[in-house]
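Reminder that position 313 of the sequence shown reads as 313 in the working numbering, one-by-one numbering, no gaps.
To start, the structure under review is shown below, and the notes come after it.
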Amino acid sequence: MFSSKHFIEDVNHVPANWIFENYLGLPEPLTGQRVRINSLFNPNDKTPSMYLYYNKDSESYRYKCFSTGKGGSAVDLMMHLWNTSFLDTSKKIITDYVAYQRSGKICETRVIEHAQWRVANYKVRQWNTHDASFWGAYNISSALLEQYNVVPIERYLMQKRSSSKVDQEFEVVSKHIYGYFTAEGKLYKIYQPKNRERKFIKLCDYTQGYDQLQNKPYLVIASSLKDCLAIKSMNLNCDVIAPDSENTLLSDELMTEFKQVYHAIVTVFDSDQAGIQAMQTYQKRHGLPFVYVPLEKDIADVVKIHGIKRAMIEFVPKLDRAVDAYYEPKEHW
1 MFSSKHFIED
11 VNHVPANWIF
21 ENYLGLPEPL
31 TGQRVRINSL
41 FNPNDKTPSM
51 YLYYNKDSES
61 YRYKCFSTGK
71 GGSAVDLMMH
81 LWNTSFLDTS
91 KKIITDYVAY
101 QRSGKICETR
111 VIEHAQWRVA
121 NYKVRQWNTH
131 DASFWGAYNI
141 SSALLEQYNV
151 VPIERYLMQK
161 RSSSKVDQEF
171 EVVSKHIYGY
181 FTAEGKLYKI
191 YQPKNRERKF
201 IKLCDYTQGY
211 DQLQNKPYLV
221 IASSLKDCLA
231 IKSMNLNCDV
241 IAPDSENTLL
251 SDELMTEFKQ
261 VYHAIVTVFD
271 SDQAGIQAMQ
281 TYQKRHGLPF
291 VYVPLEKDIA
301 DVVKIHGIKR
311 AMIEFVPKLD
321 RAVDAYYEPK
331 EHW
């Protein structure tokens, strides 16, 4: 007799976590935790920018690649990776999953609560000469730091919690810790320039510099807040913003908003391969020109190592040429 035990017609009946686990070779089952991996679409992804996460609304795992802006269901991901139609992708997934079931294996679909690290507390301190030396090297003044809501932090407490229970905690104390805050006073990122293992701790999504836009005629998209501030210190006729990282694409909705407001938009990312690829992505996706300054890794380092005058000599003419090549110039920087 024929058995219908392992008969599946709809790919939506295949657990999304099984699709991710099976085809991506994940080291552990997906049971509700968020997993961060290197982008499957960007081979130059040095900092993992792709997430697998459990979506409570759909009660299923989904993915988001901040390096390319791609995101969606497990089936969507496999369609991209295999370059196949929805029908062909579904057939292969169903066939493989039925074979998996017939082998006697069972996919665990139970979702459990996972303890996650978070910044539980922090203590703000006063500015000092160490801060002045660090930021001053990039031509960034205390007035700019105040305008962009950068605040020195003495210490912060990390906690790992599950429900109301604290499983683990530790405190970090250092001379060089800075908090990046929104205009409403919400801490969205911690910056630790002297910590080689973890320079940044991201606490929430936020487009850096958005609250400080001043309706200038031009917009520069930089790769970090430090680059943003270094460019602002040049007193150019432009606004400057920075996504969470150059691997995080600004949304299409935000880009549409900016294109309606600014005469020209230019990207200025790091001069390494990852930065170049990110600028090329903006160029292909949104038609944005970019400025390549290979003198140092980023524009902030150009200012620090070669001085503000040399940095402007290298940077500003390229900025003008980039705008002239893509847009009818109305006025210059």
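Think of the CB as a built atom: it goes at the ideal place given N, C-alpha and C, for glycine as much as any other residue.
All figures in this text were calculated on a predicted structure; none of them were measured in a lab.
For residue i, which three-state DSSP category applies?
{"i": "Gly72", "result": "strand"}
{"i": "Leu87", "result": "helix"}
{"i": "Leu213", "result": "coil"}
{"i": "Arg196", "result": "coil"}
{"i": "Arg34", "result": "coil"}
{"i": "Glu169", "result": "strand"}
{"i": "Phe315", "result": "helix"}
{"i": "Met79", "result": "helix"}
{"i": "Phe20", "result": "helix"}
{"i": "Lys330", "result": "Per-residue confidence for Lys330 stands at a pLDDT of 48, beneath the threshold of 50, marking its modelled position as unreliable; no derived number is given."}
{"i": "Phe2", "result": "Legend: pLDDT at Phe2 = 37, less than 50; position of this residue unreliable, no value from coordinates given."}
Among the options, which has the Cα closest to the Cα of residue i?
{"i": "Ile201", "options": "Phe134, Gly185, Phe181, Ile299", "result": "Phe181"}
{"i": "Asp244", "options": "Asp227, Asp76, Thr207", "result": "Thr207"}
{"i": "Cys414", "options": "Tyr53, Ala322, Asp301, Leu30", "result": "Any question about residue 414 goes unanswered here, given that the chain covers just 1 to 333."}
{"i": "Tyr97", "options": "Val291, Leu145, His130, Asp10", "result": "Asp10"}
{"i": "Ser233", "options": "Asp88, Tyr148, Gly104", "result": "Tyr148"}
{"i": "Phe290", "options": "Ala311, Lys297, Gln277", "result": "Gln277"}
{"i": "Tyr61", "options": "Gly72, Thr68, Ser67", "result": "Gly72"}
{"i": "Cys107", "options": "Gly209, Glu28, Lys304", "result": "Glu28"}
{"i": "Gln212", "options": "Val240, Tyr122, Asp131, Tyr100", "result": "Val240"}
{"i": "Asn139", "options": "Ser271, Asn235, Trp18, Phe41", "result": "Asn235"}
{"i": "Asp205", "options": "Val172, Trp117, Ala242", "result": "Ala242"}
Taking the DSSP output, what are the residues bridged to residue i?
{"i": "Ala264", "result": "Tyr218"}
{"i": "Ile190", "result": "Gly179, Ile201"}
{"i": "Lys339", "result": "Examination of residue 339 is not possible in this model, given that the chain is present from 1 through 333 alone."}
{"i": "Tyr156", "result": "Tyr122, Val172"}
If we count Cβ pairs, one from each stretch, closer than 8 Å, do we get three or more for the stretch 78-85 versus the stretch 146-161? no
To test your reading of the DSSP string, which unbroken beta strand (DSSP E) runs of 3 or more residues are found completely within the stretch 224-257? 238-241
Are the stretch 255-262 and the stretch 182-191 in contact at 8 Å, needing three or more beta carbon pairs? no
Report the start-end ranges of each alpha helix (DSSP H) in the stretch 114-153 that is 4 residues or longer and not cut off at the edges. 129-136, 142-147
Would you call the stretch 239-258 and the stretch 302-322 touching, i.e. three or more CB-CB distances under 8 Å? no
Is the stretch 28-42 touching the stretch 122-133, taking contact as three or more C-beta pairs under 8 Å? no
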